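Chains as they are written, first to last, in my numbering: chain P, -12 to 264; chain E, 31 to 151. Beneath this line is the structure, given in C-alpha cells, with notes to follow.
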Amino acid sequence: MHAARLAMIVVASMLLGGCVFPVWWGPGFYADSRGNIGDDGPTFIVVSQTTRQEVLLTLGEPDGEAPDGRWFSYGSAWTKGGGGVGVIVIAPAPAAGMAGGFLGSENVVFRRLIVRFDAHGTVSDSRFETQMCRQTSSAGFMVSGGADRGGASQTPSCLDIAATELRREQQLAGVVPSGESLPTYAGSWSSGWTSDRRRFMLGTVLITETALVFLPPRGAYGPLPKPVRIPFTDMAEVTFADFRTITRVTRRDGTRDSFLFLPAAVRDLVTQRARRP
Amino acid sequence: MTPRWPPIVMRMLNGLLTACMLLVLLAAVSGCATQTPGKQDLLKFLAPGATTRAEAILHLGEPSRSYENSRILTYRVDKEDNGYVIVEPVGMWSGVRYSLVLLFDDQGVLQKYSLVPVRSP
C-alpha cells in the first residue's frame, strides 16, 4: 500500500512535469518532546519515599497532571530517523498555481512515565513504559488563485504519551457520581456549546442517568479543562433552533445555555476560519 | 484546539524554514539584524531564604503551573544568545529548554529552586 502510494505520487508528478525530491532525517527527539526522562526511566523515584516536590525539582513541569495533583505524566518521542519523498508541481499561467505533497515514514520510540502520589504528596506508584512503532505521515497542499488549502495525517502513536486515558478517567470520575452506571450515550461526533457569544468549546457530549455532560476534547495538553454538567433536574425547557443544530437548555432558575452540534467537517471548517485573524 | 502537524511534516517544514532563515541571515548581515529579548541576569534575583513569591511573580510574570496551593511554581524558560527568556506555556516543549521550579515555604519565601533541562543534552 505504502509503495503503491509512493509510486503513484512519483508517476503523477513526472506526468505533470513536477519536481520529485527525497527527504530524510537523522535520529533525535521530536521538536515538541521533552528529553529528560531517560531511556529506562528516572532512577531517583522510590515508592513511599520520594515526594511530589522532589519529582518536580528533578524532572520539571509534567506534561499531564490530575486536577488534584494525584498523578503526573511525563512523555517523550524519539525518532530513529526516517525518510520519504516530496513532490512540488508548479502550474504556469493562466492556471498559476502550486501543489505539493509528502509521504514518509520513521521508527519512533515513545516513552511514558506515570507517577502517582498519595494524600501526603509521596509517590505511591511509578510506572515507566516504552514502545517503538513505525510512523507513516503524509501531507499535501495546493495554492491557486489566492486560495490555499492543505492537510496532513500521521498514523497514531502506539503509546499514548499524553496519558489521555488517565485524563479521561479523571474527567468521568468528576461528572459521574459514584454508584451511577457509566454514560448511557457518548457522542462520537463533534459537538460544541456556547454560554455566550464569547465562548465556544469543542468536545464530546455524554448522557448519563442523571445529567447532560460536555467533556472537553481529547488530547488537550496542560491542566485538565473542566467538564460542564447539567443535571436533568435543573432543566426546565429544551428547545431547538436552526434545523436542530442548536439546542437551548433553560434551567429552572431562568439561566440558559445554547449547545451547537456540528458535523466534523463543518466543525473543522469553523475552527480553521476562527483561527484566522 | 490547535491542530498539530505530524512531526515528519514539521521536520520538512523546518527544512524550508532553515532555508528561509539563511536568507534572513543574509539580510541581517547586510545591516538588518534583530535583537533577541533574552536577559543574562533574568534568574540572578533568585535567592533561597530571601526571595518572596511576590517578587518572583513580579520578575517572571504568571507561572506556567502552580502546585500545592502555590507552594511550588513552574516557569518555562528558553535560552537565547543574550540570556534567558520566559516562554508562554502553549502546547508541549517546542522552543523551551528548561523548566524552572520554585519551591516556597509556608511564609512564601523561596526555599530552593531548580532549572531543569527538559530537552536532550
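Here a beta-carbon is modelled for each residue, glycine too, at the ideal position from N, C-alpha and C. As the structure is a computational prediction, the values presented were derived from the model and not from experiment.
7 Å CB neighbourhood of residue i in its chain, flanking five on each side removed
| i | result |
| --- | --- |
| residue 121 of chain P | 92 and 94 |
| residue 125 of chain E | 108 and 117 |
| residue 218 of chain P | 197 and 198 |
| residue 186 of chain P | Because the pLDDT at residue 186 of chain P is just 42, under 50, the model does not fix this residue reliably, and the value given afterwards should be weighed accordingly. Taken in chain order, the list of residues that qualify is empty. |
| residue 22 of chain P | 16 and 63 |
| residue 59 of chain E | Confidence at residue 59 of chain E is low in this model, with a pLDDT of 44, below 50, so its placement is unreliable and no value can be given for it. |
| residue 146 of chain P | 97, 99, 116 and 118 |
| residue 18 of chain P | none |
| residue 92 of chain E | none |
| residue 223 of chain P | 237, 238 and 239 |
Residue i, buried or exposed, once every other Cβ within 10 Å from all chains shown has been counted against 16
| i | result |
| --- | --- |
| residue 99 of chain P | buried |
| residue 51 of chain P | buried |
| residue 140 of chain P | exposed |
| residue 246 of chain P | buried |
| residue 225 of chain P | exposed |
| residue 154 of chain P | buried |
| residue 240 of chain P | exposed |
| residue 26 of chain P | exposed |
| residue 100 of chain E | exposed |
| residue 33 of chain P | exposed |
| residue 112 of chain P | exposed |
| residue 244 of chain P | buried |
Integer Cβ distance of residue i from residue j, believed to fall under 8 Å
| i | j | result |
| --- | --- | --- |
| residue 104 of chain E | residue 131 of chain E | 5 Å |
| residue 221 of chain P | residue 238 of chain P | 5 Å |
| residue 104 of chain P | residue 39 of chain P | 5 Å |
| residue 31 of chain P | residue 45 of chain P | 6 Å |
| residue 16 of chain E | residue 56 of chain P | Any answer about residue 16 of chain E is impossible in this case: the structure gives chain E only from 31 up to 151. |
| residue 144 of chain P | residue 97 of chain P | 5 Å |
| residue 113 of chain E | residue 69 of chain E | 5 Å |
| residue 129 of chain E | residue 28 of chain P | Between residue 28 of chain P and residue 129 of chain E the Cβ distance is about 18 Å, and since that is not below 8 Å, they are no contact. |
Own chain, CB closer than 6 Å to residue i, minus 5 neighbours either side, in chain order
| i | result |
| --- | --- |
| residue 106 of chain E | 94, 117, 119 and 126 |
| residue 136 of chain E | none |
| residue 152 of chain P | none |
| residue 11 of chain P | 70 |
| residue 142 of chain P | 122 and 123 |
| residue 73 of chain P | 8, 10 and 89 |
| residue 242 of chain P | none |
| residue 43 of chain P | none |
Own chain, CB closer than 8 Å to residue i, minus 5 neighbours either side, in chain order
| i | result |
| --- | --- |
| residue 271 of chain P | As shown, chain P starts at -12 and ends at 264. That puts residue 271 of chain P outside it, with no answer to give. |
| residue 102 of chain E | 96, 131, 132, 133 and 134 |
| residue 140 of chain E | 76, 77, 78, 79, 80, 81, 82, 83, 86, 132, 133 and 134 |
| residue 137 of chain P | 126, 127, 128 and 129 |
| residue 135 of chain P | 128 and 129 |
Proximity winner among the options, relative to residue i (alpha-carbon distances)
| i | options | result |
| --- | --- | --- |
| residue 20 of chain P | P:62, P:48, P:68 and P:116 | P:62 |
| residue 130 of chain P | P:8, P:146 and P:78 | P:78 |
| residue 68 of chain P | P:152, P:16, P:215 and P:243 | P:16 |
| residue 106 of chain P | P:223, P:53 and P:24 | P:53 |
| residue 138 of chain E | E:112, E:77, E:70 and E:71 | E:77 |
| residue 90 of chain E | E:99, E:71 and E:141 | E:71 |
| residue 214 of chain P | P:73, P:149, P:157 and P:137 | P:157 |
| residue 13 of chain P | P:242, P:65 and P:138 | P:65 |
| residue 24 of chain P | P:83, P:18 and P:101 | P:101 |
| residue 149 of chain P | E:146, E:111 and E:123 | E:123 |
| residue 146 of chain E | P:135, P:49 and P:195 | P:49 |
| residue 83 of chain P | P:195, P:132 and P:194 | P:132 |
With 7 Å as the limit, tell me which residues of the stretch 85 to 104 of chain P have their beta carbon closer than that to any beta carbon of chain E; keep them in chain order. Taking 7 Å as the Cβ-Cβ cut-off, the stretch 85 to 104 of chain P approaches chain E at 89, 91 and 93, given in chain order.
Check distances from the C-beta atoms of the stretch 37 to 55 of chain P to those of chain E and list, in chain order, the residues that come in under 9 Å. Against chain E - using a Cβ distance shorter than 9 Å - the residues of the stretch 37 to 55 of chain P are 39, 40, 43, 44, 45, 46, 47, 48, 49, 50 and 52.
Please list, in chain order, the residues of the stretch 107 to 118 of chain E that have any C-beta partner in chain P closer than 8 Å. Correct list: empty, as no residue qualifies.
Residues in the stretch 134 to 150 of chain P with C-beta within 8 Å of chain E's C-beta atoms, listed in sequence order? Of all residues in the stretch 134 to 150 of chain P, the ones placed with a Cβ closer than 8 Å to any Cβ belonging to chain E are 139, 140 and 141, in chain order.
Please identify, using Cβ separations under 9 Å, the residues of the stretch 14 to 25 of chain P that lie next to chain E, in order along the chain. Cβ contacts with chain E come from 15, 16, 17, 18, 19, 20, 21, 22 and 23.
Please list the residues of the stretch 65 to 78 of chain P that have a C-beta atom closer than 9 Å to any C-beta atom in chain E, keeping them in chain order. Of all residues in the stretch 65 to 78 of chain P, only 65, 66, 69, 71 and 73 come within less than 9 Å of chain E when Cβ atoms are compared, listed by chain position.
Where the stretch 107 to 122 of chain P meets chain E: residues whose CB sits under 8 Å from a CB there: Those would be 108 and 122, in chain order.
According to a CB-to-CB cut-off of less than 9 Å, which residues of the stretch 125 to 140 of chain E neighbour chain P? Within the stretch 125 to 140 of chain E, contact with chain P at the beta-carbon level (separation under 9 Å) is assigned to 125, 126, 128, 129, 130, 131 and 133.
At a Cβ cut of 9 Å, what residues of the stretch 74 to 89 of chain E count as close to chain P, listed as they run along the chain? Listed by position along the chain: nothing, the set is empty.
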